[in-house]
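In short: position in the sequence shown from 1, add 71, done, that's our numbering. All residues carry an ideal CB built from backbone N, CA and C; glycine is no exception. For clarity, every value in this text was computed on a predicted model and none was experimentally measured. Take a look at the structure set out below.
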Amino acid sequence: MEILVPITITDAMVTSINVSEDPTAAWVAGTYAADALCHRPGTHRVYRRYTAGSSTTPPESDAANWQDLRPTNRWAMFDKEVATTTTATNVLSWVIKPGNANAVALVGITGGEGLTVITRDAPGGNVISTYTDTLEESAPSDWWEYWFMPFKPRTAVLVADIEPYLDMEITITLTGSGTVGCAMCVVGDLRWLGDTQFDAECQLVDYSYVDIDKTTGKNTIQKGKVAQDLSAEVLLDASEANRVKDTMVEVQGQPCLYVPSRYPQYRYLWTYGLGAGKVKPKNAKEASLPITVQGLI
């Protein structure tokens, strides 16, 4: 089990990105219709007007008239929601300067047919690593599927073991045919917790619900978002127990990416969310970490 403790991405860290802030118009003082949408570059949020009227107060300071709806397109992959996605046509490329980091993870990739991650020791400096991937994850079970089933792209990638530099620069490029997107770009410190045992499991949590009309009895399914929770037991050397406990304390209340295994057949267990666990001695030489992760949507 590894945990990617993220660095909070700020405006100053995003030095280049090939998408505009958002397709909606930027807010300016004026008159707005009901349900009108606008965004604020300073907050990287999109707002919806409740009722028609004049607006002289920025939406983030006027909750009575504006609903905070979603992140802007540019910032969607840097927020803490898996269900929001930054999209572009054919190519999505961005350059970040996160400081000291040893791993990059992309979660919720859509439409991707190629990925390149280039890290440099400084902005415009020497290349220290280059990662390329075709994002191919098709696994046909027979020849019919091999020839006739559509291409199945990978939706999550972990680029690990990056040599960290204090002023490092990371260039990430996703390519595809049509709309390509990324829901989460997680950059930070990848830490080893221990060996994940084989009873690990992911649990899908569906937030859909049934709305029943009390007069007619008609059932209407309101489709909701889906999250993924994780539960696992991690076995570690007794000498590592203090370090692992300190790591779990550090990330309490902080969304992280939990990677039970790097092997591709276990990628379905990767979970982004809030982790909790307890460290206990197994025997004189080993300790265990039963861990649960509440997945975010």
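Which of helix, strand or coil DSSP assigns to residue i
| i | result |
| --- | --- |
| residue 361 | strand |
| residue 355 | coil |
| residue 150 | coil |
| residue 216 | helix |
| residue 102 | strand |
| residue 120 | strand |
| residue 156 | coil |
| residue 162 | strand |
| residue 311 | helix |
| residue 134 | coil |
| residue 335 | helix |
| residue 317 | helix |
| residue 83 | helix |
| residue 167 | strand |
| residue 348 | strand |
| residue 110 | strand |
| residue 94 | coil |
| residue 297 | strand |
| residue 140 | strand |
| residue 195 | coil |
| residue 324 | coil |
Bridge-paired residues (DSSP) for residue i
| i | result |
| --- | --- |
| residue 209 | DSSP lists no partner for residue 209. |
| residue 189 | 201 and 242 |
| residue 342 | 329 |
| residue 78 | For residue 78, which the question treats as bridged, DSSP gives no partner whatsoever. |
| residue 181 | 252 |
| residue 88 | 165 |
| residue 172 | DSSP, once it has assigned bridges, lists no residue as partnering residue 172. |
| residue 305 | 267 and 360 |
Nearest residue (CA-CA) to residue i, options the options
| i | options | result |
| --- | --- | --- |
| residue 250 | 163, 202, 151 and 351 | 163 |
| residue 194 | 86, 279 and 266 | 86 |
| residue 235 | 168, 322 and 320 | 168 |
| residue 222 | 209, 244 and 213 | 209 |
| residue 284 | 254, 192 and 292 | 292 |
| residue 240 | 175, 148, 109 and 140 | 175 |
| residue 281 | 100, 275 and 289 | 289 |
| residue 58 | 186, 247, 351 and 173 | The displayed coordinates of the chain run from 72 to 368. Any statement about residue 58 would go beyond what the structure contains. |
| residue 199 | 190, 227 and 213 | 190 |
| residue 140 | 121, 125 and 196 | 121 |
| residue 186 | 218, 216 and 229 | 229 |
| residue 103 | 137, 94 and 88 | 137 |
| residue 332 | 353, 265 and 354 | 265 |
| residue 170 | 83, 203 and 268 | 83 |
| residue 237 | 204, 192 and 205 | 192 |
| residue 127 | 101, 355 and 339 | 101 |
| residue 337 | 144, 268, 218 and 248 | 268 |
| residue 312 | 339, 358, 272 and 287 | 358 |
| residue 108 | 89, 142, 80 and 78 | 142 |
| residue 202 | 212, 188, 112 and 271 | 188 |
| residue 256 | 95, 146 and 270 | 146 |
Integer Cβ distance of residue i from residue j, believed to fall under 8 Å
| i | j | result |
| --- | --- | --- |
| residue 365 | residue 348 | Incorrect: roughly 12 Å between the Cβ atoms, too far for contact. |
| residue 114 | residue 92 | With a Cβ gap of about 11 Å, residue 114 and residue 92 do not count as contacting. |
| residue 75 | residue 295 | That pair is no contact at about 27 Å. |
| residue 330 | residue 152 | With 8 Å as the limit, residue 330 and residue 152 do not qualify as a contact, their Cβ atoms being about 20 Å apart. |
| residue 363 | residue 302 | 5 Å |
| residue 148 | residue 253 | 5 Å |
| residue 261 | residue 299 | With a Cβ gap of about 20 Å, residue 261 and residue 299 do not count as contacting. |
| residue 307 | residue 315 | 6 Å |
| residue 117 | residue 110 | 5 Å |
| residue 245 | residue 183 | 5 Å |
| residue 341 | residue 154 | With a Cβ gap of about 16 Å, residue 341 and residue 154 do not count as contacting. |
| residue 368 | residue 297 | 7 Å |
Which runs of the beta strand (DSSP E), 3 residues or longer, sit entirely within the stretch 219 to 293?
227 to 230, 240 to 253, 255 to 263, 272 to 277, 280 to 283 and 290 to 293
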